[in-house]
Amino acid sequence: MCWATSVPHGTIEYVTSRPAADPHLQDLARLRRVRDRIDREYARPLDVEALARGVNMSAGHLSRQFRQAYGEPPYAYLMTRRIERAMALLRRGDLSVTDVCFEVGCSSLGTFSSKFTELVGVPPSVYRREAEQSTAGMPSCVSKQVTRPIRNREAQNPQPQLT
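Start counting the sequence shown at 1; every next residue gets the next number (the UniProt record's numbering).
Here is the structure:
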């Protein structure tokens, strides 16, 4: 509902019955848009600055808010998504590790291998070989759950340290 009231100097002011949107809720909506964009466009070249520009935030503010909401910064979330997809492609077995690296949006095989090893616990080539043996005969929906990177799970609430 909208109505007009007279104010001094002959101007008209419009007053709405809707309260102003909560800035915290606006930030959460922006963070969801960033997370959804990462999930959709993980294979494209994305950086925190571009993600921040897309939601009218500074890169620093986006990183802090994203970490607070999801337990990890946007770049770590992006790399986790890329590694998760790489795991699925490696389980398929028809692409080389290098092809998988570029398919998921990584531009450096060394960085890809290091991050893959950090998240999964074994290098991509070893994972591919082991996945072939361990998931043989298992439905893909089950193997996806069983082989998902640990960091994909809900972020743990930090425990307060007593001193």
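Using N, Cα and C, we set each Cβ at its ideal position, and we do this for glycine too.
Pull up the distance between the alpha-carbon of residue 117 and that of residue 43, whole angstroms please.
Your numbering for residue 117 matches position 117 in the sequence shown. Your numbering for residue 43 matches position 43 in the sequence shown. Approximately 19 Å, taken between the alpha carbons.
In three-state DSSP terms, what is residue 55?
Here residue 55 refers to the residue found at position 55 of the sequence shown. Looking at residue 55 - three-state DSSP - the assignment turns out to be coil, as it is neither helix nor strand.
Below 8 Å, how does it come out for the stretch 85 to 95 and the stretch 116 to 135: are there three or more Cβ pairs, yes or no?
Contact holds: three or more Cβ-Cβ distances are below 8 Å.
Please classify residue 10 as buried or exposed, where buried requires at least 16 other C-beta atoms within 10 Å of its C-beta.
Taking the sequence shown and counting its residues from 1, the one referred to as residue 10 is at position 10. Annotation note: pLDDT 49 at residue 10 (below 50); position unreliable, no value reported.
Could you check the C-alpha separation between residue 156 and residue 73 for me, to the nearest Å?
In the sequence shown, counting from the first residue as 1, residue 156 sits at position 156. In the sequence shown, counting from the first residue as 1, residue 73 sits at position 73. Residue placement at residue 156 is flagged as unreliable, the pLDDT there being 42, under the threshold of 50; a coordinate-derived value is accordingly withheld.
List the whole-angstrom C-beta distance separating residue 93 from residue 130, where the pair is believed to meet the contact cut-off of C-beta under 8 Å.
Counted from its first residue, the sequence shown places residue 93 at position 93. Counted from its first residue, the sequence shown places residue 130 at position 130. Residue 93 to residue 130, Cβ: 12 Å. No contact.
So is residue 50 buried or exposed if we call it buried at 16+ other beta carbons inside 10 Å?
Here the question's residue 50 lines up with position 50 in the sequence shown. Label assigned to residue 50: exposed.
What residue range does the alpha helix (DSSP H) around residue 106 cover?
Taking the sequence shown and counting its residues from 1, the one referred to as residue 106 is at position 106. Residue 106 -> no alpha helix (DSSP H), and no H or E assigned at all.
To the nearest angstrom, how far is it from the Cα of residue 75 to the Cα of residue 38?
Residue mapping note: residue 75 aligns to position 75 of the sequence shown, counting from 1. Residue mapping note: residue 38 aligns to position 38 of the sequence shown, counting from 1. The alpha-carbon atoms of residue 75 and residue 38 are separated by roughly 9 Å.
Straight-line CA distance for residue 126 to residue 26?
Start at 1 with the first residue of the sequence shown, and residue 126 comes out as number 126. Start at 1 with the first residue of the sequence shown, and residue 26 comes out as number 26. Taking the straight line from one Cα to the other gives about 44 Å.
Closest by CA to residue 107, which one among 56, 142, 134 and 79?
The count along the sequence shown starts at 1 and reaches residue 107 at position 107. Cα-wise, what sits closest to residue 107 is 79.
Exposed or buried, residue 65, counting other C-beta atoms within 10 Å across all chains shown (16 or more means buried)?
Taking the first residue of the sequence shown as 1, we reach residue 65 at position 65. It counts as buried.
Skipping 5 residues on each side, what residues in its chain have a beta carbon closer than 8 Å to that of residue 81?
In the sequence shown, residue 81 corresponds to position 81, counting from 1. Contacts found: 38, 39 and 42.
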